Amino acid sequence: MFAGEVGTLRSLKLFKKYGIQTTWFIPGHSLDTFPEQMAAVRDAGHEIGLHGYTHENPMAMTVEQQRAVLFRTLKQLTDFWHNNMSHDSQPFYTRDQDTWTKVDYSQPAESWMKPLERGNLTGMVEIPASWDLDDLPPLIKAYPNSHGFVDVRTIESNEEREHGFCFPLTRSTEP
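The sequence shown begins at 4 in the working numbering and counts up by one.
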């Protein structure tokens with residue numbers, strides 16, 4: 004449980020030293036498992052956003068389960084942060100097949116050539132994920148398009164080449 008118990012506090016110390024304010028997308032499970040450390044994040048004035056409960060895979064869940072997780076973690080984090088939650092970074096980089104409409108191109112074009120139907124506006128904002136800015140994909144051993152564990156120096160070299168001396172920090176701290 005190094006990441007939750009030690010890594011969180013080390014990160015907070017570093018951010019404080021350099022006066023950096025950050026956004027933490029905290030899974031509900033981390034909030035339940037590391038309440039003191041997550042309180043330290045909140046009390047240091049960092050912004051907090053939704054990140055599922057256990058980094059669940061939406062493709063393995065029904066739409067009802069996805070909604071239940073969303074609403075439970077929304078309430079959980081809103082109660083914890085005492086603020087209106089307006090940031091969401093859903094785990095797993097994927098959308099479930101039930102959340103979008105398939106286009107059947109074998110049908111006449113008139114049946115699928117329609118304008119976008121917008122939903123209701125809410126106060127929720129989702130920041131799109133980026134494989135390039137995440138530390139986890141090169142470390143996944145059994146995942147499509149991954150060749151297994153990549154040495155940290157290789158990842159660091161890639162980050163320096165891509166982003167120079169400053170790179171966006173996305174770190175997975177779930178145990």
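Ideal placement from N, C-alpha and C gives every residue a C-beta, glycine not left out. Predicted, not measured: the structure shown is a model, and the values here were computed from it.
### Task
For E8, collect the residues of the same chain with a Cβ closer than 8 Å to its Cβ; drop the 5 residues on either side in sequence, then sort them by chain order.
F37 and Q40
### Where I23 falls: helix, strand or coil (DSSP)
coil
### Message
Using a Cβ-Cβ cutoff of less than 7 Å, which residues in the same chain neighbour T57 once the five nearest sequence positions on both sides are dropped?
### Response
P30 and H32
### Query
Start and end of the beta strand (DSSP E) containing L119?
First-last for L119: undefined, no H or E at that position.
### Query
How big is the Cα-Cα spacing for E177 and E59?
Residue placement at E177 is flagged as unreliable, the pLDDT there being 48, under the threshold of 50; the coordinate-derived value follows with that caveat. Their Cα atoms are separated by approximately 12 Å.
### Task
Give the DSSP-derived three-state secondary structure of W84 in the structure shown.
helix
### Query
With DSSP run on the structure shown, which of helix, strand or coil describes V74?
First, the residue type needs correcting, since residue 74 is Phe and not Val in the sequence shown. Three-state DSSP puts F74 in a helix.
### Query
Taking L80 as the reference, which of E165, A6, H166 and W27 has the closest Cα?
Comparing Cα-Cα distances from L80 to each of E165, A6, H166 and W27, the minimum goes to W27.
### Query
Looking at G55 and Q24, is the spacing between their C-beta atoms short of 8 Å?
no
#### Entry: Cβ-based neighbour list, L34, same chain, cut-off 8 Å, excluding 5 preceding and 5 following
M41, Q79, L80 and F83
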